[in-house]
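Below is one structure, written out as structure tokens; comments come after it.
Protein chains in written order, with our numbering: chain A, 1 to 253; chain B, 1 to 336.
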């Protein structure tokens with residue numbers, strides 16, 4: 001069976017510079033792979049290329065199909081994206097927002113079918129948003145917003161979920177809640193998750209595998225314990241840290 | 001309130017506006033008489049009109065075409081305003097403020113002066129309006145995304161100023177048509193008859209159908225270009241299609257009624273306040289409420305200084321400019 005995501009010799013040029021510079025890796029079905037790396041390493045650019053938002057060199061396949069040859073709508077049926085700070089229009093209700101996840105299944109001038117409504121209602125129920133369904137997006141708390149965004153992505157029913165810094169706007173408690181939820185969704189819906197994260201300890205806690213990117217290349221990959229090492233972090237982040245039981249603790253120089 | 005109720009309420013508003021528009025005037029003709037006269041024109045009904053030939057002509061050749069034309073123009077301006085606001089994700093967008101109306105005005109002036117005749121008015125107005133919106137959008141974008149929505153309006157005002165200058169220059173060169181163009185450019189409906197209605201109708205129909213078909217996608221665009229793309233939408237194509245339709249609608253309105261400002265701001269924002277921002281409901285409501293709004297504005301234009309007439313653009317600006325100031329104040333949240 002083909003990998004959920006296969007990236008081969010991927011290069012992305014932005015502003016005359018190879019922001020992603022010849023990256024190859026594969027993600028198997030049901031895996032959670034998190035991309036880590038210093039600012040400007042190319043993590044977000046890589047995700048955007050996988051989502052079909054950038055032109056690229058090399059090959060990206062989702063479920064064995066090359067992204068380049070798929071129509072935009074077909075990509076959207078296979079890849080759902082949660083952006084770092086999604087625009088959530090004030091005045092739109094949670095229910096209307098989640099229903100937008102069905103966009104790839106509705107014809108250009110058509111309307112949502114009963115099946116689309118059902119899929120979006122089940123995403124609302126799965127993320128425990130029933131009570132908030134009629135609420136205005138503008139009135140939600142950070143954690144509630146994040147759940148609404150995840151519900152929209154879930155309603156999309158795409159097997160591959162891309163998360164760009166999914167919890168950077170949340171406090172420690174809400175962050176944990178959101179990541180546990182994503183992990184639970186991954187297990188029961190059989191999703192494959194590819195995320196980017198800044199917090200290394202949290203990244204290590206939830207990923208089955210980490211890819212450390214630096215200057216557009218993969219410089220280390222493997223289980224969290226193999227990647228989150230003091231020398232690797234010192235070399236690529238220029239940070240002085242102790243790693244204790246998987247926790248990355250900054251220390252003063 | 002459900003969508004259906006809002007539509008019914010908006011349709012009621014339009015009907016009230018049409019009745020007021022037909023009844024108000026220097027010659028008193030009662031509603032009952034108008035209804036009888038209407039029924040008498042239908043086949044197979046044995047109803048006789050009590051109106052004298054002169055009254056009949058006032059109702060059917062003067063007031064009705066003017067009301068219908070006002071409704072069409074108002075519908076187009078409100079719909080175009082709501083559409084521009086959606087595709088540019090900018091609450092301040094309006095056919096007048098974006099310079100589209102001025103571009104259309106220049107196109108129409110060129111058509112009057114060099115091509116002569118009303119047949120070419122709408123297409124020429126469309127070309128002028130399209131050029132204006134492209135330039136305004138290009139200037140607005142070139143200053144960067146971070147500068148906020150006011151930039152697009154500044155760019156539009158710049159374009160409008162330039163196009164108006166060129167238009168005035170051409171107008172002064174051709175003093176033989178000066179009077180005709182001058183009254184038209186201020187925005188007016190007085191000389192309207194059924195010919196004008198027939199001129200606008202096909203363009204209005206294309207614009208309305210084209211835009212309403214995109215109402216679901218305009219909701220998708222409200223989450224941003226990139227997210228809309230990850231939902232499978234070709235953002236550029238949708239934006240182009242909607243801008244073309246909105247510009248056709250604006251051009252048709254400008255070609256027959258001149259420059260009437262602020263309808264595209266007042267109507268969609270008033271609807272958002274009461275019925276919410278979803279374009280699925282906002283766009284059809286804009287058609288109905290925009291139509292009714294302009295018919296009422298025209299009643300004010302006809303009666304405020306009777307027997308003189310105010311240009312209708314003066315009436316809409318009088319109400320619209322203060323309204324715009326309020327929208328500007330409250331739009332920071334929407335501009336993000």
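For glycine and all other residues, C-beta sits at the position ideal for the given N, C-alpha and C.
Helix, strand or coil for residue 183 (chain A) per DSSP? Residue numbering aside, residue 183 (chain A) sits at position 183 when the first chain is read from its first letter. When secondary structure is reduced to three states using DSSP, residue 183 (chain A) falls in the helix class.
Measuring only between beta-carbons, confirm whether residue 109 (chain A) sits less than 7 angstroms from chain B. Sequence index remark: in the first chain, residue 109 (chain A) carries index 109 (1-based). Taking Cβ atoms only, chain B reaches closer than 7 angstroms to residue 109 (chain A), which makes this a yes.
Return helix, strand or coil for residue 60 (chain A), following the three-state DSSP convention. Within the first chain, the letter at position 60 stands for residue 60 (chain A). Of the three classes helix, strand and coil, the one that applies to residue 60 (chain A) here is strand, per DSSP.
Counting only C-beta atoms, is residue 286 (chain B) closer than 7 angstroms to chain A at any point? Residue mapping note: residue 286 (chain B) aligns to position 286 of the second chain, counting from 1. By this cut-off, residue 286 (chain B) is not an interface position.
May I ask you to report which of helix, strand or coil DSSP gives residue 66 (chain A)? Sequence index remark: in the first chain, residue 66 (chain A) carries index 66 (1-based). Collapsing the DSSP output to three states places residue 66 (chain A) in a strand.
Would you verify that the beta carbon of residue 218 (chain B) is, or is not, closer than 7 angstroms to some beta carbon of chain A? Along the second chain, one-based indexing puts residue 218 (chain B) at 218. Not an interface residue.
Does the beta-carbon distance from residue 13 (chain B) to residue 292 (chain B) come in below 7 angstroms? Within the second chain, the letter at position 13 stands for residue 13 (chain B). Within the second chain, the letter at position 292 stands for residue 292 (chain B). Note that the C-beta distance between residue 13 (chain B) and residue 292 (chain B) is below 7 angstroms.
Which listed residue (B:323, B:208, B:274 and B:294) has its alpha carbon closest to that of residue 83 (chain B): Walking along the second chain from the start, residue 83 (chain B) turns up at place 83. Taking residue 83 (chain B) as reference, the option from B:323, B:208, B:274 and B:294 with the minimal CA-CA separation is B:208.
Unbroken alpha helix (DSSP H) run spanning residue 230 (chain B), endpoints: Translated into the one-based positions of the second chain, residue 230 (chain B) becomes position 230. Residues 225-230.
Neighbour list for residue 125 (chain B) in chain A, Cβ cutoff strictly below 7 angstroms: Position 125 of the second chain, counted from the start, is the residue given in the question as residue 125 (chain B). Residues of chain A passing the Cβ test: none, with the nearest at roughly 27 angstroms.
How many Å lie between residue 112 (chain A) and residue 300 (chain B) at the Cα? In the first chain, residue 112 (chain A) corresponds to position 112, counting from 1. In the second chain, residue 300 (chain B) corresponds to position 300, counting from 1. So the alpha carbons of these two residues sit roughly 43 angstroms apart.
Since residue 110 (chain B) is in the alpha helix (DSSP H), which residue starts that stretch and which ends it? Here residue 110 (chain B) corresponds to residue number 110 of the second chain, with the count starting at 1. 100-110 is the extent of the alpha helix (DSSP H) around residue 110 (chain B).
What distance in whole Å lies between the Cβ atoms of residue 172 (chain A) and residue 146 (chain A), which are believed to be in contact at a cut-off of 8 angstroms? Counting from one through the first chain, the residue named residue 146 (chain A) turns up at place 146. Counting from one through the first chain, the residue named residue 172 (chain A) turns up at place 172. The beta-carbon distance between residue 146 (chain A) and residue 172 (chain A), rounded to whole angstroms, is 14 angstroms. This is too long to meet the 8 angstroms contact definition.
Same chain, Cβ closer than 8 angstroms to residue 307 (chain B), five either side skipped, listed in chain order: Working through the second chain from its first residue, we reach residue 307 (chain B) at position 307. Same-chain partners within the cutoff: 26.
How about residue 263 (chain A) and residue 74 (chain A): do their beta carbons lie closer than 7 angstroms? Examination of residue 263 (chain A) is not possible in this model, given that chain A is present from 1 through 253 alone.
Quick check: what's the CA-CA separation for residue 109 (chain B) versus residue 176 (chain B)? Taking the second chain and counting its residues from 1, one reaches residue 109 (chain B) at position 109. Taking the second chain and counting its residues from 1, one reaches residue 176 (chain B) at position 176. The alpha-carbon atoms of residue 109 (chain B) and residue 176 (chain B) are separated by roughly 13 angstroms.
CB-CB length for residue 124 (chain A) against residue 80 (chain A), believed under 8 angstroms: Locating residue 124 (chain A) in the first chain gives position 124, counting from the first residue. Locating residue 80 (chain A) in the first chain gives position 80, counting from the first residue. Taking C-beta atoms under 8 angstroms as the contact rule, residue 124 (chain A) and residue 80 (chain A) fail to qualify, at a distance of about 16 angstroms.
Could you tell me which of A:91, A:202 and A:92 sits nearest to residue 165 (chain A), measuring between CA atoms? Counting from 1 along the first chain, the entry for residue 165 (chain A) is found at position 165. Looking at the Cα atoms, A:202 is the closest of the given residues.
Does DSSP put residue 85 (chain B) in a helix, a strand or coil? Position 85 of the second chain, counted from the start, is the residue given in the question as residue 85 (chain B). The DSSP-derived three-state label of residue 85 (chain B) is helix.
Between residue 143 (chain A) and residue 174 (chain A), is the Cβ-Cβ spacing less than 7 angstroms? Translated into the one-based positions of the first chain, residue 143 (chain A) becomes position 143. Translated into the one-based positions of the first chain, residue 174 (chain A) becomes position 174. Contact flag set, yes.
Going along chain C in order, which residues have a C-beta closer than 7 angstroms to the C-beta of residue 81 (chain A)? Chain labels in this structure do not include chain C; the protein chains are A and B.
Of the listed residues A:64, A:237 and A:243, nearest to residue 229 (chain A) (C-alpha basis): Stepping through the first chain from its first residue, residue 229 (chain A) is reached at position 229. The candidate whose alpha carbon is nearest that of residue 229 (chain A) is A:243.
Residue 91 (chain A) versus residue 264 (chain B) - alpha carbon distance: What you label residue 91 (chain A) is simply residue 91 of the first chain in a count that begins at 1. What you label residue 264 (chain B) is simply residue 264 of the second chain in a count that begins at 1. Near 20 angstroms, if we compare the C-alpha coordinates of residue 264 (chain B) and residue 91 (chain A).
Complete runs of the beta strand (DSSP E) confined to the segment 108-181 of chain A [at least 3 residues]: Listed in chain order, the complete beta strand (DSSP E) runs (minimum 3 residues) inside the segment 108-181 of chain A are 160-164.
CB of residue 139 (chain A) within 7 angstroms of CB of residue 43 (chain A), strictly: Counting from one through the first chain, the residue named residue 139 (chain A) turns up at place 139. Counting from one through the first chain, the residue named residue 43 (chain A) turns up at place 43. No.
Which term fits residue 120 (chain A), buried or exposed, when burial requires 16 or more other beta carbons within 10 angstroms of its beta carbon? Here residue 120 (chain A) corresponds to residue number 120 of the first chain, with the count starting at 1. Label assigned to residue 120 (chain A): buried.
Please state whether DSSP places residue 20 (chain A) in a helix, a strand or coil. Here residue 20 (chain A) refers to the residue found at position 20 when the first chain is read from its first residue. Note: residue 20 (chain A) maps to strand in three-state DSSP.
Quick one: what's residue 93 (chain A) bridged to in DSSP? Here residue 93 (chain A) refers to the residue found at position 93 of the first chain. Secondary-structure assignment with DSSP links residue 93 (chain A) through a beta bridge to A:136.
Contact list for residue 277 (chain B) against chain A, beta-carbon separation under 7 angstroms: To locate residue 277 (chain B), count along the second chain from 1; it is residue 277. Within chain A, the C-beta atoms nearer than 7 angstroms to that of residue 277 (chain B) come from 89, 91 and 92, in chain order.
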